[in-house]
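Student: Residue numbers 1307 to 1420, in the numbering used here, belong to the letters of the sequence shown in order.
Every residue gets a Cβ at the ideal spot worked out from N, C-alpha and C, and that includes glycine.
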Amino acid sequence: MKKSETFTLLTLIANYYDQFEIDQKKVDTWHKALKPFMYKQLEENLLVHVAESPYPPRIARLVRKQTATSRMIPSIEETSKCAQQNSKPAQEQVIQNELKKMRAILGINRGEEL
């Protein structure tokens, strides 16, 4: 990030937050911290912050990646598709061992009539 972009970002913050003041020392120190980041991403993070907070952002708030939180609940089809993709069928021996355990728990003797 260029120093001029740091100044532009600080100017945006000052436009959104009246109590935020810019001086050369602030431009220099913020530029030192923001140098490795891309201006566009910081600007996007600033806009998210402006929508959420009445207070000016700290550097850590601007540089963190915004996590995409989705509150969407998947449909039955999406859940089934995901389950099928992420699971492989058990081996026959494993299936038989688990069935044997269930029969023991339920008190079912195989081959005997009730």
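#1: Which residue from 1411, 1394, 1324 and 1347 puts its Cα closest to that of residue 1369?
#2: Closer than 6 Å by C-beta to residue 1367: which residues in its own chain qualify, once you throw out the five before and the five after it? Chain order, please.
#3: Identify which residue in 1393, 1401 and 1341 has its Cα closest to the Cα of residue 1365.
#4: How should residue 1317 be labelled, buried or exposed, when 16 other C-beta atoms within 10 angstroms of its C-beta is the threshold for buried?
#5: Quick check on the DSSP output: what are the complete alpha helix (DSSP H) runs of length 4 or more inside the segment 1332-1382, in order along the chain?
#6: In or out: residue 1405 buried (at least 16 other Cβ within 10 Å) or exposed?
#7: Given this structure, state the Cα-to-Cα distance separating residue 1352 from residue 1309, to the nearest angstrom.
Tutor: Inspection of the coordinates gives the following:
#1: Within the sequence shown, numbered from 1, the residue matching residue 1369 stands at position 63. Closest by alpha carbon: 1347.
#2: Counting from one through the sequence shown, the residue named residue 1367 turns up at place 61. Closer than 6 Å at the Cβ level, and outside the excluded window around residue 1367, lie 1355.
#3: For the purposes of this step, residue 1365 is taken as the residue at position 59 of the sequence shown. The residue with the shortest Cα to Cα distance from residue 1365 is 1341.
#4: Position 11 of the sequence shown, counted from the start, is the residue given in the question as residue 1317. Classification for residue 1317: exposed.
#5: Segments of the alpha helix (DSSP H) lying fully in the segment 1332-1382: 1345-1358 and 1365-1369.
#6: The sequence position of residue 1405 within the sequence shown is 99, counting from 1. Exposed.
#7: Within the sequence shown, residue 1352 is the residue found at index 46, counting from 1. Within the sequence shown, residue 1309 is the residue found at index 3, counting from 1. Roughly 17 Å separates the two Cα atoms.
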